[in-house]
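Residue numbers (our numbering), protein chains in the order written: chain W, 1 to 347; chain X, 1001 to 1347. In this text, a Cβ means the ideal position worked out from N, Cα and C, and glycines have one as well. Scroll down for the structure; my scribbles are underneath it.
2 protein chains.
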Amino acid sequence: MPEAVLKRAQEELLDWQGRGCSVMEISHRSDAYVELAQNAEAKLRKLMNISDDYAVLFCHGSATHQFAMVPMNLLADRGKADYINTGIWSDKAVKEAKKFGDINEVKALVNRDGVFTVTDVKEWALRDDAAYLHYCPNETIGGVELHDIPVDNKVLVADMSSCILSKPINVSDFGVIYAGAQKNIGPAGMTITMVRKDLMGKTAARTPTLFDYKVLADNASMYNTPPTWAWYLADLVFDWLLAQGGVDAMAIRNSEKSTKLYQYIDSNPFYSNPIDKPYRSRMNIPFVLANESLNARFLAESEEEGLLALAGHRSVGGMRASLYNAMPIEGVEALTAFMDTFAKTHG
Amino acid sequence: MPEAVLKRAQEELLDWQGRGCSVMEISHRSDAYVELAQNAEAKLRKLMNISDDYAVLFCHGSATHQFAMVPMNLLADRGKADYINTGIWSDKAVKEAKKFGDINEVKALVNRDGVFTVTDVKEWALRDDAAYLHYCPNETIGGVELHDIPVDNKVLVADMSSCILSKPINVSDFGVIYAGAQKNIGPAGMTITMVRKDLMGKTAARTPTLFDYKVLADNASMYNTPPTWAWYLADLVFDWLLAQGGVDAMAIRNSEKSTKLYQYIDSNPFYSNPIDKPYRSRMNIPFVLANESLNARFLAESEEEGLLALAGHRSVGGMRASLYNAMPIEGVEALTAFMDTFAKTHG
């Protein structure tokens, strides 16, 4: 999270708005909190240019909850949906959706001579009568990103947990966008979901009330006590993003950061990234050492340098640099400098 | 929340355990966070004397999520359950459960000449073949508390959101206990659930994975990223409770606080509490003025005195004092002093 946001939260932790109590202690139905909540939504609508055709929901829980909520809300009429699988997160979404309907899984990630790439859209066996097409634009673990909308004329549902607010997107291209807060927004335990209003209200029977997008929309995400702290921090992050110049500025910064790291990796045979260039993620950059026996040493020495959380996900190993919005360019410069020294020492 | 807890959280907000980052930013799979999480569970087990026959789950979401999770997890075999309705929260639980099975609602709250009381257990039409009996020991809004276990030899499921850790209870009397964190534990967005292990693993089809108690238990509540900040604050609250002398000390303190307030209310005809004495809540004390036209004035003047959040719930009106663990006896003394002055001025 941006340091400025954390500092602000720290300053007012015991005394929010001079009220003598924490924002965590104030009633979510108080005028002050409702104003905070509404302002946060307005800022997000401004940042992402979200039209009134969309409800913006501040939901309890994580993207994994949405893996169930999406089919429970959207499958009702047709009972079937298409899912593009480009990595571990879209795979999880597929598995959960299969509990709730007829799911056509398109395995779109392929390994061509050691390089991971995404198959051409023309090869995808999509169904005309699918209620929606689900995909994950940025695969956090694999470091695979679909930079553009894959298909037109579908109800697109996108898990943007790891790329939301990292660049401008056209919300009206989507039926539903959801994003767990803990990458680019705030703390874990809240998910922001944008739902095109005409898609709501057809929720399946036996759906928990808090999983019903329409109920959440009709109650301004306050059917019950919402995750008030996470919502508050999201509001501070939105302020920070607006002050930074919004998602246009973020896109430039994120492009600079990822370009710098990929250029370094590609320039030094000591390191490599296994993803086909058009599908490389700007947010999560996995890399491996030519000599894998040095992995543990790389992680230990980088941590000593204050470069934290560089271990690849436990399912894939290797290294991974996550360059979310809050990471400054200086963080990338420190990383490439360390990588260069490490390569010279051990190469 | 206890001021000492908030101060500690404030101090280490940007630098947890000297790691140079916030606890909100650290991976939930890191050794440091896993240790925090396990310690928190161990402290809760100590505070409530929870045996190994029970799983302790740190769940995303609120008690309202549990209203669906309980029937989705426990109804499977028999399809039917009994619910005691003693107020607004148990009523909500009933309504949600009815989505998932055959629910027998026992309306146990009655108004006898303006005094609310709970009917005798012998009058409750319970079913021998019900999978469980659900009740809410403390009704936050109505201020009604069932101080003892209502019946033996049933799988009891209790929503303890507003009374958990306020006094000793015998966990082994229950099948499931759940409690939204935001009353006596920490911030909104997490619910702690204790489940007798033999009741798990019979989850209904079409249950979201994160709603399956067995999945949560098998993954130590880390099937996905948990609400890490809420879990961290819960750990600090558990530390505070242990330092205060645990739930035995809380029970004495809470009894002193509520006795003091009830005695004052009963001593002054300017005020009244509408609940039959054996069912009065120690946590939430609603009261009304003999002259209701003074309500708004009472609330405005009390707020000026720094006595916050005294408005009754929007569904019932009047006044309500919530005396959760974190409220010191001095808070009650300040309230009764204000009430006395107000009564003398306006009586």
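One Cα belongs to A1063 (chain X), the other to G1175 (chain X), and the distance between them is close to 16 Å. Contact of N224 (chain W) with chain X is assigned, a C-beta pair being separated by under 8 Å. The beta-carbon distance between Y135 (chain W) and L146 (chain W), rounded to whole angstroms, is 7 Å. This is short enough to meet the 8 Å contact definition. Annotation for E1105 (chain X): the continuous beta strand (DSSP E) segment containing it runs 1102 to 1107. Note that the region 1199 to 1217 of chain X does not touch the region 1252 to 1271 of chain X; fewer than 3 beta-carbon pairs, one per stretch, sit closer than 8 Å. Using a C-beta cut-off of 8 Å, the region 1235 to 1255 of chain X makes contact with the region 1313 to 1331 of chain X, since at least three inter-stretch Cβ pairs fall below that distance. For P286 (chain W), the enclosing beta strand (DSSP E) covers residues 284 to 289. Under the criterion of beta carbons closer than 8 Å, A334 (chain W) and N268 (chain W) do not qualify as touching, at roughly 16 Å. For I265 (chain W), the enclosing alpha helix (DSSP H) stretches over residues 246 to 267. The Cβ atoms of R1078 (chain X) and D1128 (chain X) lie no closer than 8 Å to each other. Under the DSSP assignment, N1085 (chain X) falls in the beta strand (DSSP E) whose first and last residues are 1080 to 1085. Within the region 122 to 204 of chain W, the runs of beta strand (DSSP E) that reach at least 3 residues and sit entirely inside it are, in chain order, 133 to 135, 156 to 159, 176 to 180, 190 to 196.
For V70 (chain W), the uninterrupted alpha helix (DSSP H) segment begins and ends at 63 to 74.
Shown here, R297 (chain W) sits in a helix according to DSSP, grouped into three states. Here A321 (chain W) is bridged, per DSSP, to W:I285. At a C-beta separation below 8 Å, A1009 (chain X) has these neighbours in chain W: L13. When 9 Å is used as the limit between beta carbons, W124 (chain W) is near no residue of chain X, the shortest such separation being about 26 Å. When Cβ-Cβ separations below 8 Å define contact, M1 (chain W) makes contact with chain X.
Residue environment analysis places Q1066 (chain X) among the buried positions, since at least 16 neighbouring C-beta atoms fall within 10 angstroms of its C-beta. In the pairwise beta carbon analysis, the region 1311 to 1323 of chain X is classified as touching the region 1279 to 1297 of chain X: at least three pairs are separated by under 8 Å.
Only those residues of the region 123 to 150 of chain W whose C-beta falls short of 9 Å from the nearest C-beta of chain X would be listed, and there are none. According to the DSSP assignment, V1056 (chain X) belongs to the beta strand (DSSP E) that extends over 1054 to 1060.
Under the three-state reduction of DSSP output, N111 (chain W) falls in the strand class.
Y1033 (chain X) and P1274 (chain X) have their C-alpha atoms some 46 Å from each other.
The beta-bridge partner set that DSSP reports for T1117 (chain X) consists of X:V1110. Close CB contacts of V121 (chain W) within its chain, under the 7 Å cut and outside five residues either way in sequence, are with P150, V151 (chain order). For the region 96 to 116 of chain W, the set of residues with a beta-carbon nearer than 8 Å to any beta-carbon of chain X comprises E96, K99, F100, in chain order. For G306 (chain W), at least one C-beta of chain X is nearer than 8 Å to its own C-beta. Rounded to the nearest angstrom, the Cβ distance from I192 (chain W) to V56 (chain W) is 7 Å, consistent with a contact under 8 Å. According to the DSSP secondary-structure assignment, A1311 (chain X) is paired through a beta bridge with X:M1319. A straight-line Cα-Cα distance of about 6 Å links V1155 (chain X) and L1133 (chain X). For the pair Y1223 (chain X) and D53 (chain W), the Cα-to-Cα distance works out to about 34 Å. For A68 (chain W), the CB contacts under 6 Å within the same chain, skipping 5 residues up- and downstream, are E96 in chain order. Residue range 1213 to 1218 is occupied by the alpha helix (DSSP H) that includes D1218 (chain X). Listed in chain order, the positions of the region 1158 to 1192 of chain X with a beta carbon within less than 9 Å of a beta carbon of chain W are G1180, Q1182, G1186, P1187, A1188, G1189, M1190. For M1250 (chain X), no chain W residue has a Cβ inside 9 Å of its Cβ, as the nearest lies near 18 Å away.
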